[in-house]
Amino acid sequence: MSVTARQIVLARRPEGAPRAADFALREVPLAEPRSGEVLVRNLWLSIDPYMRLYMAGSGSIHGSVALGEAMPGGAVGEVIASASNALPVGALVISMAHGWRDHYLAPAEKLQPVSAEVGPVQRYLGLYGLTGITAWGGIHGVLEPQPGETLFVNAAAGAVGSVAVQLAKRAGARVIASAGSAEKCAWVRELGADHAIDYRGEDLAARLAELAPEGLACAFDNVGGVQLEILIDAMAPQGRIALCGAIALYDSDNYRAGPRNLFAAIEKHVALTGFNAGFYFARAPAIIADLAAAEAEGALVNHETVIEGLAAMPQGFVDLLRGACRGKMLVRV
Ligand SMILES: NC(=O)c1ccc[n+]([C@@H]2O[C@H](COP(=O)([O-])OP(=O)(O)OC[C@H]3O[C@@H](n4cnc5c(N)ncnc54)[C@H](OP(=O)(O)O)[C@@H]3O)[C@@H](O)[C@H]2O)c1
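Below you can see the structure in the form of structure tokens.
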């Protein structure tokens, strides 16, 4: 069997915030699978902030996508033709590279088979994939909040943040969250946050001083930039910060820029620990089991924002970066 694949390619490098017109839809004929290969029809695609870093020119540690090249990303799909004994027709597979397209050819050994028994398969891109493993790694691998400790999470209505809030509450922490609108803050409180700050409408530093006058014991930072500087100033002595991401800097010339008040971490003996979900993937089965247990206890609610159709993906990505999303953003192909 051979098919024509539809792919979203990078059409131009954005300056500042990306626009849907920075991408283009391209059709590419795919050959029949050769020995060891499979042909996959994607069912679900992941949209993630790190993809912004692929659009940058050289110098991004995430590597640069060439103009005219298909964007990489996570995908769950079904094998529709196979020249591999390992993956028969009908097998469900995850690829971390073959998102942003509806079909692809790949060596079977590069793909990870998954079972539909855990429930909706798109979860492997969200709660049981990068999102959930990242939130788990930041909360349990880095911060290890103790009951009663005050823990702050920003971008808390997003994919990672909304899971981090719930895992921190389950661990017994007092949780302060922030998000970009009053509606998002109300939702984050529904998820269990004790307090939620609308950072666009309120003064984040002043509200943190009111809500945690003794300082924050823990902070889960998805945002970086000015918010990270506010957090460093808001930490209690010997506090700990999990550095998860720096979305506030992804459109800038230097997304790797550090905070200007780093010395305050020395003065207060604050630990800043960067972490990368990739370092937790080897523990994925145990982490997924813990996330599933949290759901079964009623301590964890999974929320997805679903975009319909590959052609809508560029606008979905633009909207994700602007904050027009709750929970995990996915594309149903
Ligand atoms: N370390 C790792 O291994 C790892 C893995 C996955 C993700 N990450 C990082 O984790 C962070 C969250 O990723 P995600 O997939 O869960 O995305 P997400 O939170 O679902 O979406 C991004 C959110 O960031 C907020 N945001 C955008 N620009 C902002 C700004 N200038 N200031 C404050 N908030 C801003 C928006 O929410 P508001 O409406 O609230 O502004 C938006 O909804 C990102 O930094 C990402 O790169 C790291």
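Under my numbering, think of the first position of the sequence shown as 3, with each following residue one higher.
Backbone N, C-alpha and C define an ideal beta-carbon position, used for all residues, glycine too.
Quick caveat, the model's predicted, so the values are computed rather than measured.
Considering Cα atoms alone, identify which of 176, 182, 141 is closest to residue 162. Taking the sequence shown and counting its residues from 1, one reaches residue 162 at position 160. Nearest of 176, 182, 141 to residue 162, Cα basis: 141.
Quick check on residue 222: does DSSP put it in helix, strand or coil? On the sequence shown, residue 222 is found 220 positions in, with the first residue counted as 1. Note: residue 222 maps to strand in three-state DSSP.
Any chance the CB of residue 50 is under 7 angstroms from a heavy atom of ligand 1? The residue given as residue 50 occupies position 48 in the sequence shown. For ligand 1, at least one heavy atom lies less than 7 angstroms from the Cβ of residue 50.
Please find out if some non-hydrogen atom of ligand 1 comes closer than 7 angstroms to the beta-carbon of residue 315. For this step, residue 315 is matched to residue 313 along the sequence shown. No, since every heavy atom of ligand 1 falls outside the 7 angstroms radius drawn around the Cβ of residue 315.
For residue 56, the three-state DSSP class (helix, strand or coil): Taking the sequence shown and counting its residues from 1, the one referred to as residue 56 is at position 54. In the structure shown, residue 56 sits in a helix (DSSP, three-state: H, G or I).
With respect to 7 angstroms, is the separation between the Cβ of residue 168 and the closest non-hydrogen atom of ligand 1 below this value? By 1-based counting over the sequence shown, the position of residue 168 is 166. Answer for residue 168: no, Cβ out of range of ligand 1.
I'd like to check one pair, residue 175 with residue 1: are the Cβ atoms closer than 8 angstroms? Any property of residue 1 remains undetermined from this structure, which presents the chain solely from 3 to 335.
So does the region 177–196 actually touch the region 102–117, counting three or more Cβ pairs closer than 8 angstroms? no
In three-state terms, what does DSSP make of residue 130? By 1-based counting over the sequence shown, the position of residue 130 is 128. Here residue 130 sits in coil by DSSP.
Output the distance between the C-alpha atoms of residue 54 and residue 265, rounded to the nearest integer angstrom. Your numbering for residue 54 matches position 52 in the sequence shown. Your numbering for residue 265 matches position 263 in the sequence shown. Answer to the nearest angstrom: the Cα atoms are 30 angstroms apart.
Mapping the DSSP letters down to three states, classify residue 254 as helix, strand or coil. In the sequence shown, the residue the question calls residue 254 occupies position 252. Residue state, collapsed to three classes: coil.
Per DSSP, which one or two residues make a beta bridge with residue 44? In the sequence shown, residue 44 corresponds to position 42, counting from 1. Paired residues: 79.
Can you tell me where the alpha helix (DSSP H) holding residue 289 begins and where it ends? Here the question's residue 289 lines up with position 287 in the sequence shown. Element bounds for residue 289: 286–299.
Since residue 132 and residue 71 are thought to touch, with beta carbons under 8 angstroms apart, how far apart are those beta carbons, to the nearest angstrom? Here residue 132 is taken as the residue at index 130 of the sequence shown, counted from 1. Here residue 71 is taken as the residue at index 69 of the sequence shown, counted from 1. Between residue 71 and residue 132 the Cβ distance is about 22 angstroms, and since that is not below 8 angstroms, they are no contact.
Measuring from the CB of residue 66, is there a heavy atom of ligand 1 at a distance below 7 angstroms? Here residue 66 refers to the residue found at position 64 when the sequence shown is read from its first residue. Flag unset: Cβ of residue 66 not near ligand 1.
On a CA-only basis, which of 39, 33, 93, 278 is nearest residue 78? Give me that one, please. As a working note, residue 78 is residue 76 in the sequence shown. Selected option, being the one with the closest Cα: 93.
Taking the runs of the alpha helix (DSSP H) that are 4 residues or longer, which of them lie wholly in the region 139–209? 161–172, 184–192
Is DSSP giving residue 276 helix, strand or coil here? Looking up residue 276 in the sequence shown gives position 274. In this structure, residue 276 counts as strand in the three-state DSSP scheme.
Do residue 220 and residue 147 have their beta-carbon atoms positioned less than 8 angstroms apart in this structure? On the sequence shown, position 145 is the one that residue 147 refers to. On the sequence shown, position 218 is the one that residue 220 refers to. Yes, the pair counts as a contact, with Cβ atoms nearer than the cut-off.
Does ligand 1 have even one heavy atom less than 7 angstroms from the beta-carbon of residue 53? Taking the first residue of the sequence shown as position 1, residue 53 is located at position 51. The answer is no for residue 53.
Between 97, 45, 213, 86, which lies nearest to residue 122 when the distance is taken from Cα to Cα? Along the sequence shown, read from residue 1 onward, the residue named residue 122 stands at position 120. With distances taken between Cα atoms, residue 122 lies closest to 45.
For residue 211 versus residue 186, is the C-beta spacing smaller than 8 angstroms? Within the sequence shown, the letter at position 209 stands for residue 211. Within the sequence shown, the letter at position 184 stands for residue 186. Taking 8 angstroms as the Cβ cut-off, residue 211 and residue 186 do not qualify as a contacting pair.
Can you pull the DSSP bridge partners for residue 330? The residue given as residue 330 occupies position 328 in the sequence shown. Answer is 306.
Does the region 262–281 touch the region 302–316, meaning 3 or more C-beta pairs lie closer than 8 angstroms? no
Please report the straight-line C-alpha distance between residue 68 and residue 110, rounded to a whole angstrom. Translated into the one-based positions of the sequence shown, residue 68 becomes position 66. Translated into the one-based positions of the sequence shown, residue 110 becomes position 108. Distance between the alpha carbons of residue 68 and residue 110 is about 25 angstroms.
With DSSP as the reference, label residue 242 as helix, strand or coil. As a first step, residue 242 must be located in the sequence shown, where it is residue number 240. Residue 242: strand per DSSP, three-state reduction.
Less than 8 angstroms between C-beta atoms, sequence neighbours within five positions excluded: which residues of the same chain meet that for residue 144? Taking the first residue of the sequence shown as 1, we reach residue 144 at position 142. So the qualifying residues of the chain are 242, 244, 275, 277.
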